[in-house]
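Just below is one structure, and these are the notes that go with it.
Numbering (my numbering), first residue to last: 67 to 732.
As structure tokens, then:
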């Protein structure tokens, strides 16, 4: 037996801690839930009784208002001095001798009585005098008022004193017009007395029983309300067969108890009652006990579920914490296995003041050093490929090309064609900068001079001339920049922005703290919203791809104040439609506005990828703006920024923040 039990005992410390924690939490929680359920049963019963009393109170108010309206009719007739004077004259035989006057007076009284029942539920009002005269708001053919004197309860009304009322009911409806649809009626009776207290007449207000039972319809399905008289006879009910019968549970229910829970038809029912004082009747509400507590029980059920959910959540949290405290070695082993499979990006992230924490820190530091070494080797290989390319370019003897072009330029000039001579001179200058200069970086003023030669060549190729405007701060002219970084931007402005038509391309440079802001602007057609959206998306994607490796190496480097200022200017310029190349500064493709007649799809393709060297219309360099932004990023680091502003019909502005070399994050 002990051997079998030992099989179920956990062998590891982790499992022992988990099971001990579960036992310490689960046992007290279960005991608390059991006590909670036991204590809430009585609260459920009291709340159910309170709800039933509240529902019955609403019914009682409506029934009381209805009975009060009937009683008010009798009160009005009993205390109205004009009506009483007339009734006394008729009862004593002193009424008008003229038949016409008697008819007029009688008609006036009948109209007065009929006006009492115009508003509210219909009522049958009868004033019966002791001399046999009567006045009512219904037809004699419907019921003869003198028949009231033959009712079994009529003799009992002589015992009434002053303003006392006698409530009659239930009894079968005596009015022929209502007998079929309303089988039962109720009545309230008042006496009319002389100053010496002798009775000279009776006021009888009758109404159908279903005026009360309709009020009971407001209760929810399954509940039932009865109105009982003092002897326990059912006066009004949803079920007509119960009216006039004895309520069977009157004797079983002690009147001193505020409520009772009794078995009825094999099911427990909650019963509460409330009195209607002036009528001597009472209302009894019967409701299945399970229905009475269903809403309250649902609330407690939700609370129970919430407690169980909280218990499970905290239990899982505890298990997770225990597992966290005991698994640093497991995590370190998994990290080592991932490295064995060739994944150098994985880190154990095991930290702490103990031996395991120090081991995890050293392990992660070793992986970082390995990645740095691999990055350096890859960079060396890239430099080697660039050197091989330069060796191939050096195979062409540049002086031969320059001398031939210079000879051609001189012959053309001698023949009186200065335009062609200038074109050849510009071409010679561009070729000299392309294949003769070995340095990768030149001063900004040299780059601007190259752009002027390039634009002169392009003006000779197209029909309409494009004008170049320069506004460069003197402090920026000596800034070292990569060769030909402006040529693709100007090429885009010519081909896409101005669409090879006349226009103005302006280049401005202003000095900011920590660097300069360089803007290239054209007055072309700009970009429509769809092209702008594609440009923004390409800028973001290109920026992420261009700087992923550098950001891993430079994570945590603070940005300069000038860089933050450029971000505020480039990304929140009011009134401009702007797309921005993030914080990386890399932009995707040949960015330009789409003018009239341009194809949005081809523009998007041009914006998102570099032109190949042999692509038609790719311009002089063919390297593409994305390569330019990559070069700028490699030279100036993550502080370099690029933003594009464009609106349809408003031209395009390419704005770059170029940090000083001392501030660049390289």
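Built from N, CA and C at the ideal position, the CB exists for glycine as well.
- Between the stretch 146-159 and the stretch 183-203 there are three or more C-beta pairs closer than 8 Å, enough to call the two in contact.
- For residue 719, the enclosing beta strand (DSSP E) begins and ends at 718-725.
- With respect to the C-alpha of residue 405, the residue from 436, 247, 182, 224 having the closest C-alpha is 436.
- DSSP places residue 475 in the helix class (H, G or I) of the three-state scheme.
- Counting only the Cα atoms, residue 413 lies some 29 Å from residue 379.
- CA-CA distance, residue 472 to residue 491, rounds to 7 Å.
- Unbroken alpha helix (DSSP H) runs of no fewer than 4 residues, entirely contained in the stretch 105-180, are found at 147-158, following chain order.
- Of the candidates 599, 597, 551, 583, the residue whose Cα lies closest to the Cα of residue 697 is 551.
- For residue 554, the enclosing alpha helix (DSSP H) has its first and last residue at 553-558.
- With a minimum length of 4 residues, the unbroken runs of alpha helix (DSSP H) contained wholly in the stretch 247-292 fall at 276-279.
- Looking only at 231, 528, 253, 228, the smallest Cα-Cα distance to residue 237 is reached by 253.
- For residue 327, the enclosing beta strand (DSSP E) starts and ends at 325-330.
- Per the C-alpha coordinates, the member of 522, 266, 337 positioned closest to residue 496 is 522.
- Assignment of residue 85 by DSSP, reduced to helix, strand and coil, places it in the helix class.
- Leaving aside the five residues that flank residue 187 on each side, the residues in its chain whose CB is nearer than 8 Å to its CB run, in chain order, 132, 135, 273, 277.
- With fewer than 16 other Cβ atoms from the protein chains shown falling within 10 Å of its own Cβ, residue 408 counts as exposed.
- The alpha carbon of residue 151 has as its nearest neighbour, out of 381, 267, 536, the alpha carbon of 267.
- For the pair residue 579 and residue 539, the Cα-to-Cα distance works out to about 14 Å.
- Using a Cβ distance threshold of 8 Å, residue 84 and residue 385 count as a contacting pair.
- About 6 Å separates the Cβ atoms of residue 353 and residue 118, confirming a contact at the 8 Å cut-off.
- About 6 Å separates the Cβ atoms of residue 532 and residue 568, confirming a contact at the 8 Å cut-off.
- Counted as a single uninterrupted DSSP element, the alpha helix (DSSP H) harbouring residue 486 occupies residues 484-497.
- Looking at 308, 373, 147, 342, the one whose alpha-carbon comes closest to that of residue 95 is 373.
- Three or more Cβ pairs closer than 8 Å define a contact, and the stretch 226-233 falls short of that threshold against the stretch 210-218.
- Annotation: the continuous alpha helix (DSSP H) that includes residue 511 extends over 510-527.
- Annotation for residue 709: the continuous beta strand (DSSP E) segment containing it runs 707-712.
- Annotated three-state conformation of residue 423 is helix, per DSSP.
- Taking the Cα positions, residue 310 is about 22 Å away from residue 243.
- Here residue 481 is exposed, its C-beta having fewer than 16 other C-beta atoms within 10 Å.
- Of 704, 718, 703, the smallest CA-CA separation from residue 710 is found for 718.
- Per DSSP, the unbroken alpha helix (DSSP H) holding residue 395 starts and ends at 394-406.
- Nearest neighbour of residue 265 by Cα position, chosen from 284, 91, 306, 223, turns out to be 223.
- Taking a C-beta distance under 8 Å as the contact criterion, residue 291 and residue 350 qualify as a contact pair.
- Per DSSP, residue 582 is one residue of the beta strand (DSSP E) stretching across 581-588.
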